[in-house]
Each structure stands twice: as C-alpha cells, then as structure tokens.
Amino acid sequence: METQNVILQGNFRQALSSLIQTRKTHIITNPSTPKIDSPKWVSMKSHHCSAPLITKRNLRCRNTIEKAECKGASDIEEDNPKAKIRRKKLAVFVSGGGSNFRSIYEATLNGSVHGDVVVLVTNKHDCGGAEYASSKGIPVIVFPKRKDTQEMFSAENLVIALRSYKVDFILLAGYLKLIPVELIKAYPKAILNIHPSLLPAFGGKGYYGMKVHKAVIASGARYSGPTIHYVDEEYDTGRILAQRVVPVLAKDTPDELAARVLHEEHELYVEVSAALCEERIVWRKDGVPLIRTNENPNDYR
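Residue numbers (UniProt numbering): 1 to 301.
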C-alpha cells in the first residue's frame, strides 16, 4: 500500500509539471507590440468645459501667462479705487493768467485729478485764464459784471448757473474778488482758495500777488510758501487745508521768491484737488480739515 501511494504521488507530480509546461506553450507574445510608457502629462482640457470660477480678488486662469489677459472688472476696480468714485465737476475762478487753473485742467486730462473743469468764472473777460478756457471749449462766466454794462447778473444768478453745470467744488485760483455769502452758503465746505504765503501771516484784504512777496522779504521772514484753505465770508481766514514751505533766501527779490512759491503752488493745488475729488478730505472733531493719504487711510497730511 505504501509503495502504491508513493507511485501515485510521483505520477501526480509528473502530470502537474507536464500541465504547466503545456500552458506556457499556449501563452502568445508579440515582440512587435510597442511598449507603452507612463504618460508624462495628462490633458485636463475636458475638465475645463465649464466657465472658470470668478472671485472678487482674482480670476482663476489656466496659467500665469493668461492671468493678465483674464483679468476681470472686479480686479480693475481693486487696482484703481478711483473707478468706484464718481468724477467730480469743478468750477475754477480766476482774475489773471490762470497758471494754477491750467495746472489743474491738465491734471484732469492726464488722470491725476479725478474730475473735470466744467466752467470758469472770472471778473475780467479778457484775462489770460478766460482766453485759455475758451480755447479749450470751457464755458466762461463773467462775475461780477463790469459797471459799464447794463446786464444784471446777481450772486443768486451765479449759484443757479453753477448748479446748472452740476458743480461739486469751486477752486479759486487767483480770483481777487470777495466771494458772495450766497455762494458760500450754497457750497458749504466746497470752496477752496490758494494764497501765496503761509497763512495766517501776510493774508487778508490787500495782500495778493507781488504785494505778498514784497511784504515777506521786507519783514525778514525766513520762510514763505503757498497755503490752500477753505473759503469763508472774509479774506484768507478760512480753515487751512495744506501748505508748502519755501525758504526765503538772503538775496531774494520779490520776483525770485514769487517764482519759487508759484512752482510749489502748481504742485500743491493739483495734489489737493486730487484729494478733494477722491473724497480723501476728513474733518477732525475740532473742525480742522485733514487730507488722508493714498497709501494708508489712517495716515494724514
């Protein structure tokens, strides 16, 4: 019996080995079949059939090159805060050449000031500022009218005219007439003036133009410079908004000092006009106006 079992086991092993060899011979291989490598990348095109999600901060673009091209309206507003603010309409008052008016007007064209000069008011119809405004297609209003004319144009008429142009702010740029009370009441905290000295020094009735610079030099003052202030019922007594300091040199003439102060006037008035149109002027509890900086809303000039 034991011998029989040994023989059976031997036969079984032999049969199993033969079966394995037979199955191996039936496995077909094709050496000409190319080898398929693992793909180095997978196209995600099918996964982008739907529109990409747009967030307020940024568009989800497919790559960094497309990112700038895919920029949406919300991103433009983020980059340009002015886009959220309505452009302001400005009225400028002049009595002479109007160099400050020209600086402000040019700044509205190049984007530095987020507003438009919609009307010019002058008491001298033939002054340089009025001629420049006319050449640019800006309407000119003469106020007050000359005494030798029969045409009546009151302060109330002026207010009506400015409102017809939807004026937001009034900028006095070398206007030598006292602003009527009716206009001040119609535009509270909306009328600015520029004066060529560091107010409250060398201000008030009779201090204008070259008279200011002569008085500064004669006094021995070491510093001068322009002041921009809000307009009230008196000459040069409104709240001060901005100033620039200009040194008075030992051998200065009034003309030399005037030229340096005027240069600062042009820059300062544009900066203040920009802040005004961008709604960056805030009032302290004690009634002092401050200019909030562009860089940090918690910093003031």
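Think of the CB as a built atom: it goes at the ideal place given N, C-alpha and C, for glycine as much as any other residue.
**Item:** Residues bridged to T122 [DSSP beta-bridge criterion]
**Value:** Indexing the sequence shown from 1 puts residue 122 at position 122. For T122, which the question treats as bridged, DSSP gives the partners V94 and V142.
**Asked** In its own chain, which residues sit with a C-beta less than 6 Å from the C-beta of P289, not counting the 5 before and 5 after it?
**Response** Residue numbering aside, residue 289 sits at position 289 when the sequence shown is read from its first letter. Closer than 6 Å at Cβ, skipping near neighbours: R239, L241, I281 and W283.
**Request:** Identify whether R86 lies in helix, strand or coil by the three-state DSSP scheme.
**Result:** Taking the sequence shown and counting its residues from 1, one reaches residue 86 at position 86. Here R86 sits in coil by DSSP.
**Request:** May I ask which residues mark the beginning and end of the beta strand (DSSP E) holding H266?
**Result:** On the sequence shown, residue 266 is found 266 positions in, with the first residue counted as 1. Run containing H266: none in the beta strand (DSSP E); it sits in the alpha helix (DSSP H), P254 to C277.
**Message:** Please state whether the Cβ-Cβ distance between K214 and P254 is less than 7 Å.
**Reply:** One-based indexing of the sequence shown puts residue 214 at position 214. One-based indexing of the sequence shown puts residue 254 at position 254. Against a cut-off of 7 Å, the Cβ pair of P254 and K214 comes out as a contact.
**Message:** Is the separation between the beta-carbon of K89 and that of K166 shorter than 7 Å?
**Reply:** Against the sequence shown, residue 89 aligns to sequence position 89. Against the sequence shown, residue 166 aligns to sequence position 166. Yes, Cβ-Cβ distance for K89 and K166 is below 7 Å.
**Prompt:** Start and end of the beta strand (DSSP E) containing F169?
**Reply:** Position 169 of the sequence shown, counted from the first residue, corresponds to residue 169. It spans F169 to L172 - the beta strand (DSSP E) in which F169 sits, taken as one unbroken run.
**Beta-carbon gap between P180 and A155 smaller than 7 Å** = Residue mapping note: residue 180 aligns to position 180 of the sequence shown, counting from 1. Residue mapping note: residue 155 aligns to position 155 of the sequence shown, counting from 1. Against a cut-off of 7 Å, the Cβ pair of A155 and P180 comes out as a contact.
**Message:** Just to confirm the assignment, what range does the beta strand (DSSP E) spanning I281 have?
**Reply:** Numbered from 1 along the sequence shown, position 281 holds the residue referred to as residue 281. That run of the beta strand (DSSP E) goes I281 to W283.
**Message:** Quick check on DSSP: helix, strand or coil for R102?
**Reply:** Walking along the sequence shown from the start, residue 102 turns up at place 102. Note: R102 maps to helix in three-state DSSP.
**Prompt:** Whose C-beta lies closer than 7 Å to the C-beta of T108 among residues of the same chain, with five residues either side of it excluded?
**Reply:** The residue labelled residue 108 in the question sits at position 108 within the sequence shown. Contacts found: G115, D116 and V117.
**Own chain residues within Cβ distance below 8 Å of M152, not counting five before or after** = Position 152 of the sequence shown, counting from 1, holds the residue named residue 152. The residues are K145.
**Item:** Contact belief for D299 with T293 at Cβ below 8 Å, rounded distance in angstroms
**Value:** Start at 1 with the first residue of the sequence shown, and residue 299 comes out as number 299. Start at 1 with the first residue of the sequence shown, and residue 293 comes out as number 293. 4 Å between Cβ atoms; contact.
**Request:** Less than 8 Å between the CB atoms is what I'm expecting for V270 and S99, so what's the real figure, rounded?
**Result:** In the sequence shown, counting from the first residue as 1, residue 270 sits at position 270. In the sequence shown, counting from the first residue as 1, residue 99 sits at position 99. Going by Cβ atoms, the distance from V270 to S99 rounds to 12 Å, so no, they are not a contact pair.
**Asked** Looking at the unbroken beta strand (DSSP E) that takes in A242, where does it start and where does it end?
**Response** For the purposes of this step, residue 242 is taken as residue 242 along the sequence shown, with counting starting at 1. Here the beta strand (DSSP E) through A242 covers I240 to Q243.
**Item:** Per-residue burial, D168 [other beta carbons within 10 Å of its own, 16 or more giving buried]
**Value:** The count along the sequence shown starts at 1 and reaches residue 168 at position 168. With 16 or more other Cβ atoms within 10 Å, it is buried.
**Message:** Taking only three categories from DSSP, how would you classify T227?
**Reply:** Position 227 of the sequence shown, counting from 1, holds the residue named residue 227. Strand, per DSSP.
**Message:** Is the separation between the beta-carbon of residue 330 and that of V92 shorter than 7 Å?
**Reply:** Summary: the structure shown does not reach residue 330, with the chain confined to residues 1 through 301, and so no result is reported for it.
**Message:** Which residue wins for smallest C-alpha separation from I85, given the options E295, I141, L276 and I291?
**Reply:** Along the sequence shown, one-based indexing puts residue 85 at 85. Among E295, I141, L276 and I291, the Cα nearest to that of I85 belongs to L276.
**Message:** Using a Cβ-Cβ cutoff of less than 6 Å, which residues in the same chain neighbour S273 once the five nearest sequence positions on both sides are dropped?
**Reply:** On the sequence shown, residue 273 is found 273 positions in, with the first residue counted as 1. So the qualifying residues of the chain are I104 and V113.
**Asked** Over what stretch of residues does the beta strand (DSSP E) that includes L176 continue unbroken?
**Response** Along the sequence shown, read from residue 1 onward, the residue named residue 176 stands at position 176. Note, L176: premise wrong, no beta strand (DSSP E); not H, not E.
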